[in-house]
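Residue numbers (our numbering), protein chains in the order written: chain A, 4 to 273; chain B, 635 to 858.
We treat Cβ as the ideally placed atom computed from N, Cα and C, and that holds for glycine.
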């Protein structure tokens with residue numbers, strides 16, 4: 004107490020009106036530093052000022068206040084004794100039910116949005132997989148076509164390089180198209196063409212073997228590449244054949260020539 | 635209602651100009667009727683409360699709640715809000731019952747300190763509804779010492795004797811009491827009290843200083 008004689012009645016003034024002056028602020032600073040003397044003096048000052056509270060007219064609280072207070076005491080005691088958080092075991096009030104309903108509604112909306120998103124995603128991915136499957140089938144067919152074409156080219160090259168193969172040019176005039184046949188009596192014939200005209204989708208070129216006696220025999224269908232080039236191979240012995248011809252036929256081909264003959268190459272029989 | 639006189643009746647007496655003498659007499663009668671006398675009985679209650687007795691706690695509530703509710707009602711001027719605060723104040727005591735010292739004096743001053751603090755907190759939160767009062771309470775909040783509920787300083791208990799407190803209040807002059815009550819119940823600063831009463835600031839400071847000195851000397855612990 005003697006450590007702060009300069010504060011005088013500042014403790015009571017502080018308890019009454021707050022730190023309105025320098026002394027009050029200094030006391031607060033001492034309290035903040037844990038000054039035991041200021042703490043003791045402040046406690047007495049608060050008790051002194053509290054006497055003014057007796058100047059208010061007492062008001063008897065209603066019985067319902069005591070009932071509510073007793074209920075809150077029991078709630079606090081029960082909560083203190085419960086090992087789990089009270090909300091887990093407490094019977095839900097109407098407000099709690101409302102909160103639960105709101106949470107359930109919000110969860111439902113979220114689930115619906117997620118389900119909708121997943122369904123949309125599945126539809127997108129389903130369409131993607133369909134396209135992917137079709138593309139893979141198309142690629143496989145293309146690969147098969149390319150493989151067959153490569154095989155034909157290898158066979159054509161083999162025929163071109165084979166002993167006994169001779170070249171017979173087509174007589175088509177000085178302008179395009181131009182063509183020549185590589186004839187091997189035992190292995191077949193390769194037709195190489197340039198500037199061959201493109202055909203509508205309903206039409207195709209068909210090569211014929213022209214025997215010395217009898218009707219022309221089908222020797223395969225072909226369509227020129229975009230640059231008008233043609234490499235068409237017929238594999239088989241050419242016994243009795245003395246020439247080839249090319250006609251324009253329906254897309255599926257014909258058993259006998261039905262369309263215009265666009266070229267014919269004659270060579271001596273094997 | 636206690637002792638056959640309720641708040642409306644007291645308000646009627648105030649309107650008829652009987653304040654402050656009759657009001658003080660009325661307050662003292664109500665205090666006695668409420669059984670607010672400290673002593674061995676309250677110490678026994680505090681011992682039981684410290685041990686966790688709800689019945690003892692409710693007995694203490696019945697003893698002191700009229701005084702505490704009177705204070706709260708006068709500050710917040712709203713009966714329902716005051717009753718809410720009354721529960722909060724007593725719940726604070728219940729939560730800190732383990733810190734109670736049964737050998738100390740009455741718990742009433744601590745209840746009054748906490749109640750006043752909570753009441754001004756409530757006014758601050760409802761400042762838009764009580765502009766004029768809230769202005770003073772904002773000033774109070776800016777300067778208020780730490781929450782008294784945070785500690786159970788024995789001095790609050792030991793320094794208070796109800797009979798001596800009543801006598802100390804009765805010994806104040808009307809100017810001393812009026813200026814102190816404006817600061818206590820409305821949270822006004824000395825300058826605001828001066829403006830309210832239309833008196834020089836120095837005069838008001840003297841009134842308040844003298845009044846506080848009387849209370850301090852009347853309530854000072856007696857040396858055995």
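| Asked | Found |
| --- | --- |
| Alpha-carbon to alpha-carbon, residue 106/A and residue 114/A | 12 Å |
| Spatial neighbours of residue 243/A in its chain, beta-carbon cut-off 6 Å, leaving aside the 5 residues before and after | 214, 215 |
| Beta-carbon proximity list for residue 168/A, same chain, < 7 Å, skipping 5 on both sides | 162, 185, 186, 187 |
| Residue-chain proximity (residue 824/B, chain A), Cβ-Cβ < 8 Å | yes |
| Option in 756/B, 827/B, 852/B with minimal Cα separation from residue 712/B | 756/B |
| Span of the alpha helix (DSSP H), counted from its first residue to its last, around residue 740/B | Segment: none, residue 740/B is in no alpha helix (DSSP H) and carries neither H nor E. |
| Selection of the stretch 60-78 of chain A by Cβ proximity to chain B, strictly under 8 Å | 60, 61, 62, 63, 64, 65, 68, 69, 71, 72, 73, 75, 76, 77 |
| CB of residue 26/A within 8 Å of CB of residue 39/A, strictly | no |
| Selection from 175/A, 207/A, 210/A that minimises the alpha carbon distance to residue 197/A | 175/A |
| Cβ of residue 758/B within 8 Å of any chain A Cβ | no |
| Beta-carbon proximity of residue 753/B to residue 719/B, cut-off 8 Å | yes |
| C-alpha gap between residue 269/A and residue 191/A, whole angstroms | 14 Å |
| Residue 227/A: first and last residue of the uninterrupted beta strand (DSSP E) it sits in | Per DSSP, residue 227/A belongs to no beta strand (DSSP E) and is neither H nor E. |
| Rounded straight-line distance, which links the Cα of residue 236/A to that of residue 151/A | 12 Å |
| Buried or exposed by the 16-neighbour rule on C-beta atoms within 10 Å, applied to residue 148/A | exposed |
| Residue range of the alpha helix (DSSP H) that includes residue 191/A | No alpha helix (DSSP H) contains residue 191/A, which is instead part of the beta strand (DSSP E) from 191-197. |
| C-alpha distance - residue 697/B paired with residue 799/B, whole-angstrom precision | 17 Å |
| Start and end residues, alpha helix (DSSP H) containing residue 815/B | 808-820 |
| Same chain, Cβ closer than 6 Å to residue 205/A, five either side skipped, listed in chain order | 254 |
| Cβ contact (3+ pairs, closer than 8 Å) linking the stretch 222-239 of chain A and the stretch 258-267 of chain A | no |
| Same chain, Cβ closer than 6 Å to residue 24/A, neighbours up to 5 away in sequence not counted | none |
| Per DSSP, cross-strand counterpart(s) of residue 235/A | 194/A |
| Rounded straight-line distance, which links the Cα of residue 840/B to that of residue 822/B | 16 Å |
| Residue 49/A at chain B interface by Cβ criterion, 8 Å | yes |
| Start and end residues, beta strand (DSSP E) containing residue 700/B | From DSSP, residue 700/B is part of no beta strand (DSSP E) but of the alpha helix (DSSP H) over 688-710. |
| Short-range partners of chain A found in the stretch 717-738 of chain B, where Cβ spacing is below 7 Å | 717, 720, 721, 724, 725, 728 |
| C-beta atoms of residue 837/B and residue 62/A nearer than 8 Å | no |
| Which of helix, strand or coil DSSP assigns to residue 839/B | helix |
| Euclidean distance between Cα positions of residue 80/A and residue 35/A | 33 Å |
| Segment contact flag, the stretch 47-57 of chain A with the stretch 69-80 of chain A, C-beta cutoff 8 Å, min 3 pairs | no |
| Candidates 137/A, 210/A, 30/A, of which the one nearest residue 11/A by Cα | 30/A |
| Sub-8 Å separation of residue 210/A and residue 247/A beta-carbons | yes |
| Nearest candidate by alpha-carbon position, reference residue 257/A, set 238/A, 223/A, 245/A | 223/A |
| Cα-Cα separation, residue 54/A to residue 66/A | 26 Å |
| Nearest-angstrom Cα separation, counted from residue 850/B out to residue 809/B | 17 Å |
| Spatial distance of residue 685/B from residue 845/B (CA atoms) | 39 Å |
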